[in-house]
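Undergrad: First, the structure itself, so that you have it in front of you.
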Amino acid sequence: MKKRLFCLLVCICLLFVGTVPTFALENDSVRRFLIFGCDESGALTDTILLVARNGKTGKTGVLQIPRDTYAAYTTGNYRKLNGALRALGDGDCKAFFSHAFGVPIHWFASLNLKCVPAIVDAVGGVDLEVPMDMDYSDPAQNLEIHLQKGMQHLDGKAALSFIRYRSGYVTADLGRMQAQQNFLRAFAEKCGQLSSATFMKLFLIAAPYMKTDLPIHEAIALSQGLGKTGVEDLSFESIPGEAVKGKSGAWYFVLSRNGTLAAVNRILMPVLPVVDGNFDPDRVFDRPQNAAFHKIYSSP
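Note that the sequence shown ends on residue 307 in my numbering; no numbers are left out.
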C-alpha cells in the first residue's frame with residue numbers, strides 16, 4: 008500500500024521537469040528527496056518528509072520531521088521548521104536540510120494541500136477511524152473542521168480537515184503526524200484498487216499544485232524501480248525528541264541529537280554512516296541559552 012502511495016507522489020513529479028542539481032550524487036544507487044506539504048496559504052508547511060531510495064536494493068525510507076521543530080535557519084524570531092521554505096526558498100532550503108542532517112539531498116518537491124479534496128474525491132473517498140470529535144475554527148485560514156469520533160467515510164473536504172487538525176491532540180503536532188500516517192495508509196489502500204486511467208487523473212489534478220526540481224530522466228528511472236518494490240522494503244520513522252514551551256509561550260519540538268543521528272543512519276541510507284561531527288555541525292537544532300531546549304537536544 009505504501010508503495011503505491013509513494014509511486015503516486017513520484018509520478019506527480021514527472022509533470023514538472025527541473026534541472027539537475029549542481030552537486031554530484033554520492034553514488035548511482037541512493038537518491039534523497041525533501042518533500043513539503045504546504046497549507047492553503049502556501050506560507051507554512053504542514054508536512055515535512057525526508058525520503059531516501061536505494062535503487063540497487065529496492066529499499067525506501069521515509070523520515071518524518073515535526074513542523075514545529077526548532078531550527079535556527081534565520082536570525083528572526085520565528086524558528087519553526089514549517090517556516091523554512093518561505094524564508095529560504097527552494098534551493099537554499101534544500102541546502103539547509105542537507106547540511107544540517109549531514110546527507111546530500113538531491114531533489115526537492117512541494118505539494119499544496121489544496122489539491123487533497125479533489126484527489127480524495129477522485130478515488131471515491133477513504134474509510135478512516137476518527138479518534139475523537141474534531142471541532143476547530145480559524146477564519147484567518149478559512150479553516151472549519153467538524154468531524155465526529157468513530158469510523159467515517161471521508162470525502163475530500165473531510166479528509167483535508169482530518170489531516171490538518173491538531174488542537175485536540177495532547178501531543179499537538181505529534182498527534183497530527185500519526186493521524187497523517189493513518190490517512191496515508193487508508194489512501195494507499197484505496198489506491199490499490201485504481202485503474203491506470205484513474206491514476207493519470209490524479210496526476211493531472213495534482214499538477215497545478217506541485218513544484219519540484221526532479222529531472223524527468225530521474226523520475227522515469229525511479230518510477231520503474233518503485234514498480235518492483237514491495238511493502239516490506241519501505242520504512243517509516245519520525246525523528247525523536249520532545250515538545251517544550253519557549254519563553255515566548257510558543258510550543259516547539261526539540262529533536263534529540265543522538266536519537267535523530269541514529270534515525271538518519273537507519274532511514275536515509277548514507278553510503279558511510281553519518282558521524283557525530285557531520286550531523287548538525289552548526290547546532291541549528293539546539294538553543295543552549297534555554298536549559299529545557301538544550302537538555303532535550305543533548306539527551307542520550
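Just so it is clear, CB atoms sit at the ideal spot from N, CA and C, and this is done for glycine as well.
#1: Compare the beta carbon distance of leucine 56 and phenylalanine 104 with 8 Å and say whether it is the shorter of the two.
#2: To the nearest angstrom, how far is it from the Cα of glutamate 151 to the Cα of asparagine 285?
#3: Per DSSP, what kind of secondary structure is serine 168 in: helix, strand or coil?
#4: Assuming cysteine 100 is part of the alpha helix (DSSP H), what are its boundary residues?
#5: Count the other C-beta atoms from every protein chain shown that fall within 10 angstroms of the C-beta of glutamine 71, then say buried if there are 16 or more, exposed otherwise.
#6: DSSP on valine 123, reduced to helix/strand/coil?
#7: DSSP three-state label for lysine 87, please.
#8: Out of Asp283, Arg74 and Phe169, state which residue places its alpha-carbon closest to the alpha-carbon of proline 124.
#9: Tell me where the beta strand (DSSP E) around valine 37 begins and ends.
#10: Between phenylalanine 243 and leucine 181, what straight-line distance do the alpha-carbon atoms span, to the nearest angstrom?
#11: Taking contact to mean 3 or more Cβ pairs, one atom from each stretch, closer than 8 Å, check whether the stretch 258 to 273 and the stretch 295 to 303 are in contact.
#12: Can you list, in chain order, the residues of its chain with a C-beta nearer than 6 Å to that of serine 306? Leave out the 5 residues immediately preceding and following it.
#13: Could you tell me the distance, in whole angstroms, from the CA atom of aspartate 75 to the CA atom of serine 144?
#14: So which of Val133, Ala78, Lys164 and Asp140 has the shortest CA-CA distance to leucine 191?
#15: Which value, in whole angstroms, describes the spacing of the CA atoms of serine 36 and tyrosine 216?
#16: Tell me which same chain residues have a C-beta within less than 6 Å of the C-beta of phenylalanine 194, skipping the five on either side of it?
#17: Can you tell which of His153, Pro111, Thr64 and Pro146 has its C-alpha closest to the C-alpha of methionine 2?
#18: Using the Cα positions of leucine 16 and arginine 60, report the straight-line distance between them to the nearest angstrom.
#19: Out of Thr64, Leu51 and Ala50, which one is the CA nearest neighbour of arginine 38?
#20: Run through DSSP, which three-state label would valine 69 get?
#21: Do threonine 67 and aspartate 240 have their C-beta atoms within less than 8 Å of each other?
#22: Measure the Cβ-Cβ separation of alanine 91 and alanine 78 and say whether it is below 8 Å.
#23: Does leucine 209 come out as helix, strand or coil in the three-state DSSP assignment?
#24: Using a Cβ-Cβ cutoff of less than 8 Å, which residues in the same chain neighbour threonine 29 once the five nearest sequence positions on both sides are dropped?
#25: Measuring alpha carbon to alpha carbon, tell me which residue in Asp97, Gln148, Ser117 and Gly96 is nearest cysteine 45.
TA: Per the coordinate set shown:
#1: no
#2: 43 Å
#3: helix
#4: 91 to 108
#5: buried
#6: helix
#7: strand
#8: Phe169
#9: 37 to 45
#10: 14 Å
#11: yes
#12: Ser263
#13: 20 Å
#14: Val133
#15: 29 Å
#16: Val133
#17: This structure leaves residue 2 out entirely; the chain is present only between 8 and 307.
#18: No answer about leucine 16 holds up, because its pLDDT of 49 lies below 50 and its placement is not dependable.
#19: Thr64
#20: strand
#21: yes
#22: yes
#23: helix
#24: Its pLDDT being 33, under 50, threonine 29 is placed unreliably in this model, and the coordinates cannot settle the point.
#25: Ser117
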